[in-house]
Amino acid sequence: MADAKKPRMEKRGLMERLNAGEIVIGDGGYVFALEKRGYVKAGPWTPEAAVEFPDAVRQLAREFLRAGSDVMQAFTFYGSDDKLENRGNVSQEKHTGAVVNSAACQIAKEVADEGNALVAGGVSQTPNYLSGSGKEAVQEQFRKQAEVFIKNDVDFLIAEYFEHVEEAVWAVEELKKTGKPVAATLCIGPEGDLHGVSAGDCAVQLAKAGADVVGLNCHFGPVKTLEAIRLMKAAMDKEGLKPFLMTQPLGFKTPDVGKQGFIDLPEFPFGLEPRILTRWDCHKYAREAYEIGVRYIGACCGMEPYHVRAIAEELSPERGCTPAGSQKHGMWGDGLRQHTKPWVRARARRDYWENLKPASGRPDCPVLAKPDGWGVTQGDKDLLQKTEATTDAELQELFQK
Ligand SMILES: [Zn+2]
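Structure below.
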């Protein structure tokens, strides 16, 4: 790449790119990918790997860059102090939020500079909110993270993974004080947030709070995510609000989930493999998102670099380029023309992969699941968070429910 070593100062910012009508491709699900690779613990899902295993985080970021990501999101998901020390998570003893967030920013900056990518710092929902600690205590968590992002001069900020729009609005308010562009995404579906606010009203609230980009991430696969973003767009259009739209869905199919998304699935989080999207599903997602008007098109849990490459390949006519990773990937299976077996060479065509219905290969499996539906959300005593680990007695109580 000719401009690979461009100094960061010449880089065009997020709003410049979006205002010019360009597509911005996000990166993918660091938490889930790094959990599978052995660097993140499922349960707390906190990002101390940025300090403990920087090479692992850096390598994954490089893979997303090579796949076509225009954004290197610092690995700061659940990186607030109150989350790092929640429920017996020991990481806070060794690493404060400031240390973890700073290390994550350094990695993101380093990899972004290897291409022409933007660096984003992100905040996400907090235990303080779930416990009803109030606006000041919640915003204090965001403020501490934002200070680190500003010190590291990230290009823009993301408030992501909020189940309650109220907390997301508090995050946007706090992040806007930095003067950086702010993208805000909820982890909700077409049914709206967990307090019963409709998807459309959620979007309007975020836009009115000043979010430059509004959308969705996580909890739902592309189909439901796009259904919800349509509702959000329609509601904002009605109010004359025109922020840019953003989607970063799961890399899993979720036709059977309710309001809480994939958290309610019996397979969450250790048996989700049969639901993984193919790269061809990602082509479809990218095209539909683009047609709806989404211009920040990215990915979340379950999406690996090859999924992002598929997004970039689908949108290559609009973008006028293919990612570096496409050097090893013929479009629509074209590389298979080099295969030794003739029946596999016969699959070197678009219509074959576009119309394929992959078999699950799992005998005796139901097509859909029966999701949990406890209906417990912020304001309920069962959602009070604490720093101590969950006891055996407390677990027994939950097993009985
Ligand atoms: Zn996710």
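No gaps in the numbering here: position 31 of the sequence shown is 17 in the working numbering, and each next residue is one more. Note that the Cβ used here is the ideal one computed from N, Cα and C, for glycine as well. Since the structure is predicted, the reported quantities are computational estimates derived from the model, not experimental observations.
Q313 counts as exposed, since fewer than 16 other beta carbons sit within 10 angstroms of its beta carbon. At a Cβ-Cβ threshold of 9 Å, V199 and L236 do not count as neighbours. Here T377 is exposed. Its C-beta has fewer than 16 other C-beta atoms within 10 Å. DSSP places N341 in the uninterrupted alpha helix (DSSP H) bounded by 336 to 341. Bounds of the beta strand (DSSP E) holding F230 are 230 to 234. For Y147, the distance from the CB to the nearest heavy atom of ligand 1 is below 8 Å. Per DSSP, reduced to three states, the secondary structure at I297 is helical.
The alpha carbon of E374 has as its nearest neighbour, out of T82, P113, V151, the alpha carbon of P113. The straight-line gap separating the alpha-carbon atoms of P208 and R281 is approximately 15 Å. H205 has its CB nearer than 8 Å to a heavy atom of ligand 1.
Distance from the C-beta of G118 to the nearest heavy atom of ligand 1 is not below 8 Å. Look at the region 59 to 127 and you find these whole runs of beta strand (DSSP E), each 3 residues long or longer: 104 to 109. Going by DSSP, N5 is part of the alpha helix (DSSP H) stretching over 0 to 5.
Counting C-beta atoms within 10 angstroms of its own C-beta, S346 has fewer than 16 neighbours from the protein chains shown and is therefore classed as exposed. Between G14 and G247, the C-beta gap is not smaller than 9 Å, which leaves the two residues out of contact.
By the criterion of a C-beta distance shorter than 7 Å, K372 is surrounded in its chain by R73, once the five residues flanking it on both sides are discounted.
A distance of 9 Å or more separates the beta carbons of L161 and L0. Inter-segment contact for the region 56 to 65 and the region 118 to 130 is absent: fewer than three beta-carbon pairs are separated by less than 8 Å. Distance from the CA of G321 to the CA of A19, rounded to the nearest whole angstrom, comes to 26 Å. Sequence-distant partners of V97 (beyond 5 residues in either direction) whose C-beta falls short of 8 Å from its own C-beta, in its chain, are R44, A47, R48, L51, M58, A103. Contact between V140 and A106 holds, since their C-beta atoms are separated by about 6 Å, short of 8 Å.
In this structure, the CA atom of M222 is about 11 Å from the CA atom of G201. Distance from the Cα of Q364 is smallest, within the candidate group P229, G118, V10, E(-4), for G118.
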